[in-house]
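The structure appears below as structure tokens.
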Amino acid sequence: MTLDEYERAGKQLYEEFAKLVATLLSEEIAKRDEIKLQHVQHRPKGLKSLRDKLVKEKVVADDPQIEAKIKDLAGCRLVFYTNTDVGRFRQSGLINDLFEIDWDRTKFHHPTDESSGQFRSDNIVIRLKEPMLFKADFAKFKGLTCEVQVQTALNHAWSEMEHDVYKKPVLKGFGAARMRSIEERMDKIMRDHLLPAGYEFQKIRDDFDRLAAGKQLFDQDALRTLDAA
Numbered sequence: 222m223t224l225d226e227y228e229r230a231g232k233q234l235y236e237e238f239a240k241l242v243a244t245l246l247s248e249e250i251a252k253r254d255e256i257k258l259q260h261v262q263h264r265p266k267g268l269k270s271l272r273d274k275l276v277k278e279k280v281v282a283d284d285p286q287i288e289a290k291i292k293d294l295a296g297c298r299l300v301f302y303t304n305t306d307v308g309r310f311r312q313s314g315l316i317n318d319l320f321e322i323d324w325d326r327t328k329f330h331h332p333t334d335e336s337s338g339q340f341r342s343d344n345i346v347i348r349l350k351e352p353m354l355f356k357a358d359f360a361k362f363k364g365l366t367c368e369v370q371v372q373t374a375l376n377h378a379w380s381e382m383e384h385d386v387y388k389k390p391v392l393k394g395f396g397a398a399r400m401r402s403i404e405e406r407m408d409k410i411m412r413d414h415l416l417p418a419g420y421e422f423q424k425i426r427d428d429f430d431r432l433a434a435g436k437q438l439f440d441q442d443a444l445r446t447l448d449a450a
């Protein structure tokens, strides 16, 4: 698929695919009471964003295989409340059950990775499994991939600001120095405010879960039963 083909029909196809991925994930997560999902986003890659990415990756616009070089033509973002919810989602194996994962193009952003700063996100590249492609409505998605981003609400807020509110221009000299200063301030916000807030939210969630478990035992009259035993 060339850039022109993406503009004429491909973008609409990837939009439908992103919506399908978001729907399948949302419906399956809703069946798991232990996983608390805040919300789901989905989108096809915008034309300007795609053009910029092609230039950055040194891919010509009339390359007939841009989908093989740009992994996020379809995108889906799962936003969870806490890291515990993200962990439970990972451990559930849900995404493996639903989709085929392209591990070579999947990337995990964590603070231990020097290239990703303080940002946390699992960027999982998936495609539909072969049996699903036998369905008439899904056959058109054969060969398409979607990048599924898995984040907490706080990381999502930072990501929205970092990627969507201000775009990093190509600057030199004084402008480049000012841009580095802005990036350093963004990293400081994550390190000094959002990460500690995430830990505190997690502690509150854990304390509440323990309290709820204790109340359930009390409601079941467990103490009286133990005393009688």
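Here this note's numbering is used: the first residue of the sequence shown is 222, the next is one more, and so on. From the three backbone atoms N, C-alpha and C, an ideal C-beta is built for every residue, glycine too.
Classify residue 288 as buried or exposed, calling it buried when 16 or more other Cβ atoms lie within 10 Å of its own Cβ.
-> Position 67 of the sequence shown, counted from the start, is the residue given in the question as residue 288. The residue is buried, with at least 16 neighbouring Cβ atoms inside 10 Å.
Under a CB-based cut-off of 8 Å, is residue 305 close to chain B?
-> No chain B is part of this structure, which consists of one protein chain only.
Residue 362 versus 351, 372, 371, residue with shortest Cα-Cα distance = Along the sequence shown, one-based indexing puts residue 362 at 141. Residue 351 is the option with its Cα nearest to residue 362.
Give the single residue among 402, 355, 249, 373 whose Cα lies nearest to the Cα of residue 259.
-> Looking up residue 259 in the sequence shown gives position 38. The shortest CA-to-CA distance from residue 259 to any of 402, 355, 249, 373 is the one to 373.
Would you check if the distance between the CB atom of residue 328 and the CB atom of residue 293 is smaller than 8 Å?
-> Within the sequence shown, the letter at position 107 stands for residue 328. Within the sequence shown, the letter at position 72 stands for residue 293. Not a contact, by the Cβ cut-off of 8 Å.
Relative to the alpha-carbon of residue 322, which residue among 358, 367, 375 has its alpha-carbon at the smallest distance?
-> Within the sequence shown, the letter at position 101 stands for residue 322. That would be 367, whose Cα lies nearest to the Cα of residue 322.
Contact between the stretch 249 to 263 and the stretch 305 to 314 (3+ Cβ pairs under 8 Å) = yes
In angstroms with no decimal places, state the Cα-to-Cα distance between residue 285 and residue 305.
-> For the purposes of this step, residue 285 is taken as the residue at position 64 of the sequence shown. For the purposes of this step, residue 305 is taken as the residue at position 84 of the sequence shown. If I take the Cα positions, the gap works out to 42 Å.
Burial state of residue 224, where buried means 16 or more other Cβ atoms lie within 10 Å = As a working note, residue 224 is residue 3 in the sequence shown. So residue 224 counts as buried.
DSSP on residue 283, reduced to helix/strand/coil?
-> Numbered from its first residue, the sequence shown carries residue 283 at position 62. Reduced to three states, the DSSP call for residue 283 is coil.
Three-way DSSP call (helix, strand, coil) for residue 278 in this model = Indexing the sequence shown from 1 puts residue 278 at position 57. Residue state, collapsed to three classes: coil.
Nearest-angstrom Cα separation, counted from residue 246 out to residue 318 | Residue mapping note: residue 318 aligns to position 97 of the sequence shown, counting from 1. Residue mapping note: residue 246 aligns to position 25 of the sequence shown, counting from 1. Distance between the alpha carbons of residue 318 and residue 246: 11 Å.
When DSSP labels each residue in this structure, what does residue 237 get in the three-state scheme?
-> Within the sequence shown, numbered from 1, the residue matching residue 237 stands at position 16. DSSP places residue 237 in helix when its eight states are reduced to three.
Report buried or exposed for residue 276, applying the criterion of at least 16 other Cβ atoms within 10 angstroms of its Cβ.
-> Taking the first residue of the sequence shown as 1, we reach residue 276 at position 55. By the 10 Å Cβ count, residue 276 comes out exposed.
With DSSP run on the structure shown, which of helix, strand or coil describes residue 322?
-> As a working mapping, residue 322 is identified with position 101 in the sequence shown. Residue state, collapsed to three classes: strand.
If you check the beta carbons only, do residue 346 and residue 297 fall under 8 Å apart?
-> For this step, residue 346 is matched to residue 125 along the sequence shown. For this step, residue 297 is matched to residue 76 along the sequence shown. Not a contact, by the Cβ cut-off of 8 Å.
Beta-carbon proximity check, residue 278 vs residue 269, cutoff 8 Å = The sequence position of residue 278 within the sequence shown is 57, counting from 1. The sequence position of residue 269 within the sequence shown is 48, counting from 1. Contact: no.
Alpha carbon to alpha carbon, how far is residue 371 from residue 359?
-> Counted from its first residue, the sequence shown places residue 371 at position 150. Counted from its first residue, the sequence shown places residue 359 at position 138. Spanning the two alpha carbons is a distance of roughly 24 Å.
If you drop the 5 nearest sequence neighbours on each side, which residues of the same chain put their C-beta closer than 7 Å to that of residue 234?
-> The count along the sequence shown starts at 1 and reaches residue 234 at position 13. Contacts found: 361.
Report the option in 283, 282, 256 whose CA atom is closest to the CA atom of residue 302.
-> For the purposes of this step, residue 302 is identified with residue 81 of the sequence shown, where counting begins at 1. It is 256 whose Cα lies nearest to the Cα of residue 302.
Looking only at DSSP bridge pairs, what is residue 368 linked to?
-> The count along the sequence shown starts at 1 and reaches residue 368 at position 147. Residue 368 pairs with 296, 346.
Could you check which residue in 342, 283, 320, 273 has the C-alpha nearest to that of residue 308?
-> Position 87 of the sequence shown, counting from 1, holds the residue named residue 308. When only C-alpha atoms are compared, the closest one is 342.
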